[in-house]
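Residue 288 in the UniProt record's numbering sits at position 288 of the sequence shown; the count goes up by one each step and never skips.
All remarks here apply to the structure that follows.
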Amino acid sequence: MAQLRTPTVASIAEADEFVINHSVALQHNAVVNLNPFEIRLWDQSLPYRRLLLLKSLYRHHAAVDQRFDERRDIHLRALDLNTVPSRVHLVAFWRAFAFLDHANANCFGSGHVRRFLDLGCAPGGFSQWLLQHNRDVYGVGVTLPVEEAGIPLQIDSAFLANFRVCYDDLIRLATASMESGVPVQIHLPDDHHEPYDLVIAGAYLVLQRQKPWWQRMQMVLSQTLIIISNIAADGTAVVSISTKLFLWIVDLIGMLRQCFKTVTAHKTGRLHAVRTSCYLICRGFRATPEEVEWFTARLHSALRYLVVVSAEWYIDEDGIWHCDRKSEDLPLLSGESADTVFDTQHRFVLELFEPLWNMQYDAIRVDFAKILIEEHGGTCCNTYNKVLVSQTNHPTMMVTVQQRS
Numbered sequence: 001m002a003q004l005r006t007p008t009v010a011s012i013a014e015a016d017e018f019v020i021n022h023s024v025a026l027q028h029n030a031v032v033n034l035n036p037f038e039i040r041l042w043d044q045s046l047p048y049r050r051l052l053l054l055k056s057l058y059r060h061h062a063a064v065d066q067r068f069d070e071r072r073d074i075h076l077r078a079l080d081l082n083t084v085p086s087r088v089h090l091v092a093f094w095r096a097f098a099f100l101d102h103a104n105a106n107c108f109g110s111g112h113v114r115r116f117l118d119l120g121c122a123p124g125g126f127s128q129w130l131l132q133h134n135r136d137v138y139g140v141g142v143t144l145p146v147e148e149a150g151i152p153l154q155i156d157s158a159f160l161a162n163f164r165v166c167y168d169d170l171i172r173l174a175t176a177s178m179e180s181g182v183p184v185q186i187h188l189p190d191d192h193h194e195p196y197d198l199v200i201a202g203a204y205l206v207l208q209r210q211k212p213w214w215q216r217m218q219m220v221l222s223q224t225l226i227i228i229s230n231i232a233a234d235g236t237a238v239v240s241i242s243t244k245l246f247l248w249i250v251d252l253i254g255m256l257r258q259c260f261k262t263v264t265a266h267k268t269g270r271l272h273a274v275r276t277s278c279y280l281i282c283r284g285f286r287a288t289p290e291e292v293e294w295f296t297a298r299l300h301s302a303l304r305y306l307v308v309v310s311a312e313w314y315i316d317e318d319g320i321w322h323c324d325r326k327s328e329d330l331p332l333l334s335g336e337s338a339d340t341v342f343d344t345q346h347r348f349v350l351e352l353f354e355p356l357w358n359m360q361y362d363a364i365r366v367d368f369a370k371i372l373i374e375e376h377g378g379t380c381c382n383t384y385n386k387v388l389v390s391q392t393n394h395p396t397m398m399v400t401v402q403q404r405s
């Protein structure tokens, strides 16, 4: 079936009609492009279908592009000035971590954390919260230097005695470990190594509208390698991850299920509402030394594949990234086939992500309605008010999954 042209809507009512009509009546390839793994899940999840359809309208609307460019330009100018916006982001991340703590029975404060490692720590909101809410806690943050497009770090000077900053590239650290076979060990402020009872893997690629798929994969898998090399027994990991149903993401979640007792998924209010991402809270690290060795080898294999990919890419005349190798060919961490990963993980992942997809749908719909009102006048004000009520009444989204048997 030929793919239909994505329409340009003038009101949120038109967007609603498109989603309702196409979430049931047409095959996926008539309205959205899906990766092979997503195709198998299209018919099984109405929340996923609704989200993909609304996102297709949202992404292709010129007013949304203009709004995105304006916000991005403001952000870039602010970083150049190194003033107010970095502080705004610091507070936003501080509040996000406070939300994660509240949603997880206050497990991150009141002395529950003694040693933490914050990967991608700038601007410092997560680390600042931990230093403020745990007496005698020691932490290490890893971030790029500002001159390498890093974000300025703003940790309160009162906490610097208990906090060390390591300016380095996480992908570079993981690649060096892969090549040498020596685990990445990041030392505490007093320069000795001891496993961390909390590792935050929150680094992401910034300041670009689009990054090639292999760089995004390198970032996540590099942090995963650092987690299992530095986390203590029964420790906790906070992992920033996409909620797209790529095979490698579902496979990674399967690995985390094996390594930790429980996994929960969260969006942190406005910070993540419209984004295709969430935080996984992985509690109770229980991987045996043999399992750590196995997953380290699998991660090295995946990272080697991505190193090869990164040397073969090219950009066409339209500015599109290309590589003959595909993300679906990445060596899976489980060592299983794609069919086996689907059979063993897809129900779990749907249970984990469907509430978050509903939350993201509501948030995009609110933002889209506001943009359409500004673009076309007050013709959709009543619809927008109804959407606001729906968003306000939306419950906090958290999904807890069972222990491994």
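For glycine and all other residues, C-beta sits at the position ideal for the given N, C-alpha and C.
Put Asp69 into one of helix, strand or coil per three-state DSSP.
helix
With H, G and I counted as helix, E and B as strand and the rest as coil, what does DSSP make of Val142?
strand
Give the straight-line distance between the Cα atoms of Arg164 and Ala302, rounded to the nearest whole angstrom.
30 Å
Looking at the unbroken alpha helix (DSSP H) that takes in Arg341, where does it start and where does it end?
According to the sequence shown, residue 341 is Val rather than Arg. In this chain, the alpha helix (DSSP H) harbouring Val341 covers Ala338 to His376.
Taking Leu51 as the reference, which of Pro195, Asp168 and Leu356 has the closest Cα?
The option with the nearest alpha carbon to Leu51 is Leu356.
Extent of the continuous beta strand (DSSP E) run through Lys261:
It spans Phe260 to His266 - the beta strand (DSSP E) in which Lys261 sits, taken as one unbroken run.
Looking at the strands, I want to know which residues DSSP matches up with Ile231.
Tyr196
Contact set for Val19: own chain, Cβ-Cβ below 7 Å, skip 5 residues either direction
Arg50, Leu53 and Leu54
Range covered by the beta strand (DSSP E) that runs through Ile281:
Ser277 to Phe285
Please classify Asp101 as buried or exposed, where buried requires at least 16 neighbouring CB atoms within 10 angstroms.
buried
For the alpha helix (DSSP H) that contains Val309, what are its first and last residues?
Pro289 to Ser310
To which residues of the same chain is Gln154 closer than 7 Å at the C-beta, ignoring the five residues directly before and after it?
Ser86, Arg87, Leu90, Pro123 and Gly124
Would Leu256 and Cys282 qualify as a contact pair, given that the criterion is a beta-carbon distance under 8 Å?
Yes, these two residues count as a Cβ contact at 8 Å.
Helix, strand or coil at Ile74 according to DSSP, with G and I counted as helix
In the structure shown, Ile74 sits in a helix (DSSP, three-state: H, G or I).
Between the CA atoms of Glu38 and Leu245 - distance to the nearest angstrom:
Between Leu245 and Glu38, the C-alpha separation is close to 6 Å.
Once the 5 residues before and after Pro7 are set aside, which same chain residues still bring their CB inside 7 Å of it?
Phe18
Ile315 - DSSP class collapsed to helix/strand/coil:
strand
Quick check on Thr143: buried or exposed, where buried means 16 or more other Cβ atoms within 10 Å of its Cβ?
buried
Please classify Phe159: does DSSP put it in a helix, a strand, or coil?
helix
What are the boundary residues of the alpha helix (DSSP H) that Phe126 is part of?
Gly125 to His133
Would you check if the distance between the CB atom of Trp321 and the CB atom of Pro212 is smaller than 8 Å?
For the 8 Å CB-CB criterion, Trp321 and Pro212 form a contact.
CA-CA distance, Glu336 and Ala98?
37 Å
Three-state secondary structure (DSSP) at Arg5?
coil
One question on the structure: do Ala237 and Ala201 come within less than 8 Å of each other, judged by their Cβ atoms?
The answer is yes: Cβ separation under 8 Å.
Among Val292, Val140, Leu306 and Tyr305, whose alpha-carbon lies nearest the alpha-carbon of His192?
Val140
What is the DSSP secondary structure of Lys12, counted as helix, strand or coil?
Checking the displayed sequence, the identity of residue 12 turns out to be Ile instead of Lys. The answer is helix: DSSP assigns Ile12 an H, G or I state.
When the Cα of Val307 is compared with those of Asp339, Asp362, Leu225 and Met217, which residue comes out closest?
Closest by alpha carbon: Met217.
Here's the rule I'm using: 16 or more other beta-carbon atoms within 10 Å means buried, otherwise exposed. How should Val341 be labelled?
So Val341 ends up on the buried side.
Opening and closing residue of the beta strand (DSSP E) in which Arg115 lies
DSSP places Arg115 in the uninterrupted beta strand (DSSP E) bounded by Arg115 to Leu119.
In terms of alpha-carbon separation, which member of Met359, Cys121 and Leu332 lies closest to Arg270?
Met359
Leaving out the 5 sequence neighbours to the left and right, which residues in its chain are closer than 8 Å to Val250 when beta-carbon positions are compared?
Phe37, Val341, Phe342, Gln345, His346 and Val349
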